[in-house]
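Student: Its first residue numbered 1, the sequence shown is counted upward by one per residue in my numbering.
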Amino acid sequence: QGQRTIAQAWWMKPFLKLARALPLNPAKPMSTRTLIKIVQGGDPLVIFPEGRITVTGGLMKVYDGAAMVADKTGSMVVPVRIDGLEKSYFSRLTSQHVRRRLFPKVKVTILEPVKLEVPQEFKGRQRRTAAGAALYQVMSDLVFRTEDIDKTVLEKIILTANERGMKQLAVQDPVTGSLSYGKLLTAAAVLGEKFEHLYASQQTIGIMLPNANGACATLLGVMSAGKVPAMINFTAGAANILSACKAAEVRTVLTSRAFVEQAKLGAVVEEIGRSVEIVWLDDLRAGIGLKDKLLGLLRKTTPRVARKPDDAAVILFTSGSEGTPKGVVLTHRNILANAAQAASRIDFHSGDKVFNVLPIFHSFGMTAGTVLPLISGVPVYFYPSPLHYRIVPELVYASNATIIFGTDTFLSGYARTAHPYDFRSVRYCFAGAEPVKAATRMTYMEKFGLRILEGYGVTEAAPVISINTPMYNRSGSVGKIMPGMEYRLDPVPGVENGGRLYVRGPNVMSG
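Structure representation (structure tokens):
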């Protein structure tokens with residue numbers, strides 16, 4: 001099944017003679033009945049449920065007709081993915097999406113047969129829609145399970161850099177400008193060499209920096225050195241910061257004089273400096289010479305210290321809504337799994353640009369705002385404060401960002417000051433952390449022509465558990481659960497609408 005015009009093209013005719021082919025027409029439901037009869041007759045059937053060749057690099061619309069064939073016949077569905085052909089010169093993707101190759105490596109994955117889960121009581125159109133949704137779940141599970149997450153975060157970013165090109169834009173901020181993948185990885189290699197020797201006896205190193213290119217390079221540098229970065233929430237106050245450092249066994253905190261001065265954190269740094277060593281990256285940078293830079297350039301594609309996917313990648317701290325902030329240890333596999341889960345539902349490509357205003361010391365700003373775009377070849381524009389309601393919309397406009405993240409509080413703040421044209425380039429607007437008010441949704445739709453796609457997550461799940469997508473969006477909900485995850489909702493005495501949620505999946509911390 002595919003686009004009828006392609007199926008009838010002259011160059012397809014030799015291939016169609018190799019098997020019994022049935023070009024389908026969505027306007028003629030009788031064609032679906034023909035397929036049902038074929039399957040009922042015992043013949044296997046290959047269906048392309050998306051109905052057209054991808055032009056995004058991600059999962060396209062899944063047609064209900066293919067699901068109805070499986071549902072009506074009670075047949076098992078064998079998911080198959082062909083990966084790599086999108087990089088060929090015959091691909092429908094543009095150079096914005098992929099880097100073309102003459103002979104791309106092609107991988108074919110065939111998963112175990114599954115049966116579509118459709119409630120027996122559903123009939124008619126309701127059943128057809130449910131079957132289509134079930135097939136979409138199977139397809140997105142297929143995309144997720146065929147993603148390679150058996151790597152470290154830094155290894156995955158290096159792989160993307162080699163795939164997309166070292167000269168491709170990686171990160172930007174309003175102060176230091178732009179860094180390509182090559183420059184970002186070189187900076188990480190230089191810092192990694194310094195951290196490895198200076199803090200050889202320390203396993204965990206604290207990072208207290210705002211969203212900026214330097215923070216990203218420092219994070220990757222700590223990972224390159226084989227250390228675990230502990231992301232310090234500098235808004236939490238000295239007592240909570242010291243509690244976090246004690247819990248994570250942090251003896252050294254990396255920060256910047258310029259940042260501490262601008263954020264007026266002098267008193268906080270002075271107090272925590274009595275218990276941990278404060279290292280000024282400004283001074284460290286001044287001691288980096290030409291030799292260090294040349295060695296970093298040569299070693300940028302190899303982490304200083306090898307780590308495994310199930311090793312700790314980062315320590316984040318919860319918001320403290322349940323008391324004292326708790327440390328959450330996420331592995332490389334946890335983070336890459338959650339990034340792959342999101343990518344299986346949302347089409348990201350190098351023509352996009354993420355505007356990340358959510359702090360990287362929070363899991364959403366870390367995984368969705370930093371790691372996901374970097375491993376997808378999508379540039380990131382960092383901005384240090386989500387509270388600058390007048391500045392953020394202007395920078396979204398100036399940077400041509402296509403993907404933004406926020407909370408209801410932040411988004412409503414931007415809407416009050418933004419010009420209706422400020423978000424003209426935005427394709428997706430994602431929200432989490434708190435319920436999105438109906439008024440905020442209406443404002444974004446009427447003023448900017450944007451749907452707010454709401455999701456739900458927790459730090460322990462790296463963080464996304466569920467999300468609405470352009471294909472499946474229900475206002476007032478947090479969307480479908482991520483592929484590869486299992487859940488259970490247990491009743492709670494006294495609570496009528498709701499229960500206690502239990503989740504399990506590769507993105508959930510093991511502790």
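Glycine is no exception: its CB is placed at the ideal position from the N, C-alpha and C atoms. This one's a predicted model, so the numbers in the text were calculated from it and none came from an experiment.
Could you give the DSSP three-state label for P107: helix, strand or coil?
Tutor: For the purposes of this step, residue 107 is taken as the residue at position 107 of the sequence shown. The sequence given here places Lys at residue 107; Pro does not occur at that position. Strand at K107.
Student: State the DSSP-derived secondary structure class of S363, mapped to helix, strand or coil.
Tutor: Your numbering for residue 363 matches position 363 in the sequence shown. In the structure shown, S363 sits in a helix (DSSP, three-state: H, G or I).
Student: Pull up the DSSP beta-bridge partners for W11, would you.
Tutor: On the sequence shown, residue 11 is found 11 positions in, with the first residue counted as 1. Bridge partners of W11: none, in fact.
Student: In this structure, how does DSSP classify G449 when only helix, strand and coil are distinguished?
Tutor: Locating residue 449 in the sequence shown gives position 449, where the first residue counts as 1. Looking at G449 - three-state DSSP - the assignment turns out to be coil, as it is neither helix nor strand.
Student: V464 bridges to which residues according to DSSP?
Tutor: Reading the sequence shown from its first residue, position 464 is the one you call residue 464. G457, per the DSSP bridge assignment.
Student: Can you grab the Cα-Cα spacing for the pair T318 / K326, in whole Å?
Tutor: As a first step, residue 318 must be located in the sequence shown, where it is residue number 318. As a first step, residue 326 must be located in the sequence shown, where it is residue number 326. About 5 Å.
Student: With a cut-off of 8 Å, do at least 3 Cβ pairs link the segment 330–348 to the segment 381–400?
Tutor: In short, these stretches do not touch, since the Cβ pair count stays below three.
Student: If you draw a straight line from the C-alpha of T176 to the C-alpha of E249, how long is it?
Tutor: Counted from its first residue, the sequence shown places residue 176 at position 176. Counted from its first residue, the sequence shown places residue 249 at position 249. If you take the alpha carbons of T176 and E249, they lie about 32 Å apart.
Student: Any chance the segment 120–132 sits against the segment 61–71, with 3 or more Cβ pairs inside 8 Å?
Tutor: The segment 120–132 is in contact with the segment 61–71.
Student: Locate the alpha helix (DSSP H) running through V153, then write down its first and last residues.
Tutor: In the sequence shown, counting from the first residue as 1, residue 153 sits at position 153. Residues 153–164.
Student: With DSSP as the reference, please indicate the residues paired to A230 in a beta bridge.
Tutor: The sequence position of residue 230 within the sequence shown is 230, counting from 1. Per DSSP, G206, I315.
Student: Pairing CB atoms from the segment 288–304 with CB atoms from the segment 184–193, are three or more of them under 8 Å?
Tutor: Touching, yes.
Student: Within the continuous beta strand (DSSP E) that includes L191, where are the two ends?
Tutor: Indexing the sequence shown from 1 puts residue 191 at position 191. Looking at the DSSP string, L191 is not in any beta strand (DSSP E); the run it does join, the alpha helix (DSSP H), is 181–198.
Student: Beta-carbon within less than 6 Å of E117's beta-carbon, same chain only, minus the 5 sequence neighbours each way: which residues are those?
Tutor: For the purposes of this step, residue 117 is taken as the residue at position 117 of the sequence shown. A134, listed in sequence order.
Student: Alpha carbon to alpha carbon, how far is F430 from Y516? Give it in angstroms, no decimals.
Tutor: Nothing in the structure corresponds to residue 516, since the chain is present only between 1 and 511.
Student: Would you mind reading off the limits of the beta strand (DSSP E) that contains A431?
Tutor: Position 431 of the sequence shown holds residue 431. 428–431 is the span of the beta strand (DSSP E), which, as asked, contains A431.
Student: Distance cutoff 7 Å, beta carbons only. Does I315 sit that close to anything in chain B?
Tutor: In the structure shown, chain B cannot be found, because there is only a single protein chain.
Student: Among S510, A438, L395, V268, which one has its Cα closest to the Cα of S425?
Tutor: As a first step, residue 425 must be located in the sequence shown, where it is residue number 425. The residue with the shortest Cα to Cα distance from S425 is L395.
Student: With distances taken between CB atoms, is the gap from I375 to I149 smaller than 7 Å?
Tutor: Locating residue 375 in the sequence shown gives position 375, counting from the first residue. Locating residue 149 in the sequence shown gives position 149, counting from the first residue. No, they are not a contact pair.
Student: Verify whether the separation of the beta carbon atoms of D352 and P393 is less than 7 Å.
Tutor: Locating residue 352 in the sequence shown gives position 352, counting from the first residue. Locating residue 393 in the sequence shown gives position 393, counting from the first residue. Taking 7 Å as the Cβ cut-off, D352 and P393 do not qualify as a contacting pair.
Student: Can the beta-carbon of V354 be found closer than 7 Å to that of P373?
Tutor: Here residue 354 corresponds to residue number 354 of the sequence shown, with the count starting at 1. Here residue 373 corresponds to residue number 373 of the sequence shown, with the count starting at 1. Their beta carbons are under 7 Å apart, which means V354 touches P373 by this criterion.
Student: Short of 7 Å in beta carbon distance, which residues of its chain neighbour R345, apart from the five on each side in sequence? Order them along the chain.
Tutor: Your numbering for residue 345 matches position 345 in the sequence shown. Taken in chain order, the residues that qualify are S140, I467, T469.
Student: Please determine, among L265, P113, P483, T409, the residue with the shortest C-alpha to C-alpha distance to A236.
Tutor: The count along the sequence shown starts at 1 and reaches residue 236 at position 236. Nearest C-alpha to A236: L265.
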